[in-house]
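Participant: Numbering (mature numbering (1 follows the signal peptide of the UniProt record, and there is no 0)), first residue to last: -19 to -1, 1 to 140. For every residue, glycine included, the Cβ atom is placed at its ideal position computed from N, Cα and C. If you scroll down you'll find the structure; I have some questions about it.
Here it is as structure tokens:
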């Protein structure tokens, strides 16, 4: 993916800066990976599903059942489930969640910095999903491929 994005040094630089900034933000890596899985599933991006399934398991330490749940936009953890509801709402509404959507997140204990970072993570993953799909980027890393399926019940080829 980086090779494809590197055709525009400005795009690559902007993406890397956003990724680094969010990496130092308030959302833990596991939450960011859950968000990436939910967005990539909804957008049908096999490249990103494969990458984020690997990172979620090997780096963030998420168990397989949480990875599957995140792909469906949920979690066994109530706060993570609320964060994912917000992420999916932002994605599906193209950002038009309205005051009620934001208030629902706040009632679930989501802080304003977390709300902003969820939105930023959705946008970051839309960028990579669209880039990989538009340019038909092949999975070029040694991780098991993961493919999206209809209805949100998608499973890794390695599972």
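#1: Go to residue 4, then tell me how far its alpha helix (DSSP H) extends in each direction, as first and last residue.
#2: Would you decide whether residue -13 is buried or exposed? Buried here means 16 or more other CB atoms lie within 10 Å of its CB.
#3: Could you tell me whether the stretch 72 to 86 touches the stretch 42 to 53, using the rule of 3 or more Cβ pairs below 8 Å?
#4: For the alpha helix (DSSP H) containing residue 142, list its first residue and its last residue.
#5: Go to residue -15, then tell me how far its alpha helix (DSSP H) extends in each direction, as first and last residue.
#6: Out of 105, 114, 90, which one is the CA nearest neighbour of residue 61?
#7: Select from 78, 121, 105, 16 the residue whose C-alpha is nearest the C-alpha of residue -16.
#8: Please go through the same chain and pick out, in chain order, the residues whose beta-carbon is closer than 6 Å to the beta-carbon of residue -2, but skip the five residues on each side of it.
Facilitator: Considering the structure as presented:
#1: Element bounds for residue 4: -11 to 4.
#2: Residue environment for residue -13: exposed (fewer than 16 other C-beta atoms within 10 angstroms of its C-beta).
#3: Not touching, per the Cβ criterion.
#4: Residue 142 is absent from the model: the chain starts at -19 and stops at 140.
#5: Counting along the chain, residue -15 sits inside the alpha helix (DSSP H) bounded by residues -18 to -15.
#6: It is 90.
#7: The residue with the shortest Cα to Cα distance from residue -16 is 121.
#8: Taking residue -2 as the centre and dropping the five residues before and after it, the same chain places the C-beta of 105 closer than 6 Å to its C-beta, in chain order.
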